[in-house]
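What follows is a set of notes on a single structure, which appears directly below.
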Amino acid sequence: MMALLIRDIKLGLRAGGGALIGILFYLAVAAVTPFAMGPDLNLLAKIGPAILWTGALLASLLGLERLFQIDREDGSLDLMILNRHTTSLSLVVFTKCVAHWVTTGLPLVIITPLLGLLLNMDGAAIGATVLTLLIGTPAITFIGAVGAAIAVSLPRGGLLVSVVILPFAIPVLIFGVMATFGAVVDGAPFKAPLLLLAALTLFFAVLGPLAAGYALKNAGD
Amino acid sequence: MQLIAENLAANRGDTRIFEGVSFALRSGEGMTITGPNGAGKSTLLRVLAGFLPPSEGFVEVSDGELAEHSHYLGPNNGMKPNLSVKENLLFWQDFCGGGGRSTLDALDEVGLGHVHDVPFSDLSTGQKRRVAIARLFVSPRYIWLLDEPTTGLDRASEHMFTRLIVRHLRTGGMVIAATHLSLGVDAMKNLRFAEAPL
Numbered sequence: 125m126m127a128l129l130i131r132d133i134k135l136g137l138r139a140g141g142g143a144l145i146g147i148l149f150y151l152a153v154a155a156v157t158p159f160a161m162g163p164d165l166n167l168l169a170k171i172g173p174a175i176l177w178t179g180a181l182l183a184s185l186l187g188l189e190r191l192f193q194i195d196r197e198d199g200s201l202d203l204m205i206l207n208r209h210t211t212s213l214s215l216v217v218f219t220k221c222v223a224h225w226v227t228t229g230l231p232l233v234i235i236t237p238l239l240g241l242l243l244n245m246d247g248a249a250i251g252a253t254v255l256t257l258l259i260g261t262p263a264i265t266f267i268g269a270v271g272a273a274i275a276v277s278l279p280r281g282g283l284l285v286s287v288v289i290l291p292f293a294i295p296v297l298i299f300g301v302m303a304t305f306g307a308v309v310d311g312a313p314f315k316a317p318l319l320l321l322a323a324l325t326l327f328f329a330v331l332g333p334l335a336a337g338y339a340l341k342n343a344g345d
Numbered sequence: 002m003q004l005i006a007e008n009l010a011a012n013r014g015d016t017r018i019f020e021g022v023s024f025a026l027r028s029g030e031g032m033t034i035t036g037p038n039g040a041g042k043s044t045l046l047r048v049l050a051g052f053l054p055p056s057e058g059f060v061e062v063s064d065g066e067l068a069e070h071s072h073y074l075g076p077n078n079g080m081k082p083n084l085s086v087k088e089n090l091l092f093w094q095d096f097c098g099g100g101g102r103s104t105l106d107a108l109d110e111v112g113l114g115h116v117h118d119v120p121f122s123d124l125s126t127g128q129k130r131r132v133a134i135a136r137l138f139v140s141p142r143y144i145w146l147l148d149e150p151t152t153g154l155d156r157a158s159e160h161m162f163t164r165l166i167v168r169h170l171r172t173g174g175m176v177i178a179a180t181h182l183s184l185g186v187d188a189m190k191n192l193r194f195a196e197a198p199l
């Protein structure tokens, strides 16, 4: 359990782990949007949180199909299925999701303040975006695990994974952006969407690994 | 411990790969599975390991479930190229429940004590296979399910592996190996798949 967490974090951080790809994509989205929107600083500040959330969501989707595929290709997945009596597959999936989020999701949260500055957002908006991303992006990873598990035996399942899980990730996006606006706009609700966002993460943290574990066990060929 | 397989059959999609496979093994007995390519040797091992449900029949051991007593050495080594040999073996030791030999001891068994801290990707094909074999020792299991275990091994390493199998059988273990090669172990039964399915 701990061994798997440490191994996956090591693999994610070492060369070829793919952690940098998501960051670069996120950076590209946030850097390009101001050029598309034109020089209206107020407009930019207003839709900044939405842009960052969209960028973070899409960046999180990028590396997801690799979550189990690498383990399948090198035979590790077989051994994990064989050892399901020592460590249940759901626990394996949960651990891999945590490691995946630490190496790909957390860096997005960490560079968010920098990108917020690019979008002319003020301190409160940046703080709220960081907070909602911190709470919300794990949910995307947990949802993504199900898609990754279903598509694990498909040779090029990358886009399929994104398409399959996007509908389930939409509520996360909605409540994430809603809570962020609640923090900066007077009269808009903040606490309720934030709690719903946290609830989504907790809900998918349970359901995602269970469903993905079941899918992996029955992927058997 | 006793292992009984009764009238096993397996499908891939709609294709019947094999059927009517029955055998029984006791502690200290081994079995090789031979036959032409595509006859279902690997599929049988995957059914035994529980990766693929049998379409007919059953397999059981006298105590608990087959998978929890088994090591599976498949066509892939299950090692990460970016990690050192030691890190790879330590991970599997921990993941499989531990309790076996130290990683250095296990590597010495396969004559690779000197690559302990080398990245797995720097090893040759045969050395990689031997590290995968060393995995069998870092946490002890009764049953070894081996799918073409000697792929990439040179003659000397094959002999070494044969000796390890004999020792495992003598200490009450069980070995089921799909291989074209004669492992040179006398106490082995043989299950022969006659022909490839249509």
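Same order as they appear, the protein sequences are chains V and P. Counting along the first sequence from 1, when you hit position 38 you're at 162 in our numbering, and nothing is skipped either side. Counting along the second sequence from 1, when you hit position 44 you're at 45 in our numbering, and nothing is skipped either side. Don't be surprised by glycine CBs; every beta carbon is placed ideally from N, CA and C.
In the DSSP assignment, find the unbroken alpha helix (DSSP H) run with residue i in it and report its ends.
i: P/Y73; result: That residue, P/Y73, is in no alpha helix (DSSP H); its beta strand (DSSP E) goes 71-74.
i: P/V176; result: Run containing P/V176: none in the alpha helix (DSSP H); it sits in the beta strand (DSSP E), 175-179.
i: V/A252; result: 247-274
i: P/M189; result: Segment 189-193 is the beta strand (DSSP E) holding P/M189; no alpha helix (DSSP H) there.
i: P/N89; result: 86-96
i: P/S23; result: Unbroken run through P/S23 is the beta strand (DSSP E), 16-27; no alpha helix (DSSP H).
i: P/G127; result: 126-139
i: P/L147; result: Not the alpha helix (DSSP H): P/L147 falls in the beta strand (DSSP E), residues 144-148.
Can you check whether the C-beta of residue i is within less than 8 Å of a C-beta belonging to chain P?
i: V/S212; result: no
i: V/R131; result: yes
i: V/S200; result: yes
i: V/H224; result: no
i: V/K346; result: This structure cannot speak to residue 346 of chain V, because chain V is shown only from 125 to 345.
i: V/A127; result: yes
i: V/I205; result: yes
Between residue i and chain V, is there a C-beta pair that is closer than 8 Å?
i: P/L84; result: yes
i: P/L199; result: Confidence in P/L199 is poor, its pLDDT being 49 and thus under 50, which makes the residue's placement unreliable; the coordinate value appears in the next sentence. No - not a single Cβ of chain V is within 8 Å of the one on P/L199.
i: P/F19; result: no
i: P/G75; result: yes
i: P/E1; result: Absent from the model: residue 1 of chain P. The displayed extent of chain P is 2 to 199, so no value can be given.
i: P/E69; result: yes
i: P/N38; result: no
i: P/D15; result: no
i: P/D95; result: yes
i: P/G100; result: no
i: P/G51; result: yes
i: P/G79; result: yes
Starting from residue i and walking both ways along the beta strand (DSSP E), at which residues does that stretch end?
i: V/G240; result: Taken as a continuous stretch (DSSP letters only), V/G240 belongs to no beta strand (DSSP E), being part of the alpha helix (DSSP H) at 230-242.
i: P/F52; result: Looking at the DSSP string, P/F52 is not in any beta strand (DSSP E), and its letter there is neither H nor E.
i: P/T33; result: 31-35
i: P/F121; result: It is not in any beta strand (DSSP E) - P/F121 carries neither H nor E in the DSSP assignment.
Report the CB separation of residue i from residue j in whole angstroms; it is logged as a contact under 8 Å.
i: P/T210; j: P/E149; result: The structure shown does not extend to residue 210 of chain P, since chain P is modelled only from 2 through 199, so no value can be given for it.
i: P/I166; j: P/G31; result: 7 Å
i: V/W225; j: V/G300; result: With a Cβ gap of about 15 Å, V/W225 and V/G300 do not count as contacting.
Can you tell me whether residue i is buried or exposed? The criterion is at least 16 other CB atoms within 10 Å of its CB, across all chains shown.
i: V/V308; result: buried
i: P/L199; result: Legend: pLDDT at P/L199 = 49, less than 50; position of this residue unreliable, no value from coordinates given.
i: P/F96; result: buried
i: V/M302; result: buried
i: P/L49; result: buried
i: P/L26; result: buried
i: V/V228; result: Per the sequence shown, residue 228 of chain V should be read as Thr rather than Val. Classification for V/T228: buried.
i: V/D202; result: buried
i: P/Q94; result: buried
Open item on the list: Below 8 Å, how does it come out for the segment 164-179 of chain P and the segment 137-154 of chain P: are there three or more Cβ pairs, yes or no?
Closed with: yes
Open item on the list: Quick check: the segment 37-54 of chain P against the segment 108-123 of chain P, are at least 3 beta-carbon pairs closer than 8 Å?
Closed with: no
Task: Touch test, the segment 135-151 of chain V against the segment 210-217 of chain V, Cβ-Cβ under 8 Å, three pairs minimum - done: no
- [ ] Could you tell me whether the segment 169-179 of chain V touches the segment 233-246 of chain V, using the rule of 3 or more Cβ pairs below 8 Å?
- [x] yes
Task: Inter-stretch contact at 8 Å, needing at least 3 Cβ pairs: the segment 181-189 of chain V / the segment 52-70 of chain P - done: no
Open item on the list: Under 8 Å, with one C-beta from each stretch per pair, do the segment 71-80 of chain P and the segment 195-211 of chain V reach the 3-pair mark?
Closed with: yes
Task: Contact the segment 333-340 of chain V vs the segment 264-275 of chain V: 3+ CB pairs below 8 Å - done: yes
Task: Inter-stretch contact (C-beta, 8 Å, three-pair minimum) for the segment 244-260 of chain V and the segment 316-328 of chain V - done: yes
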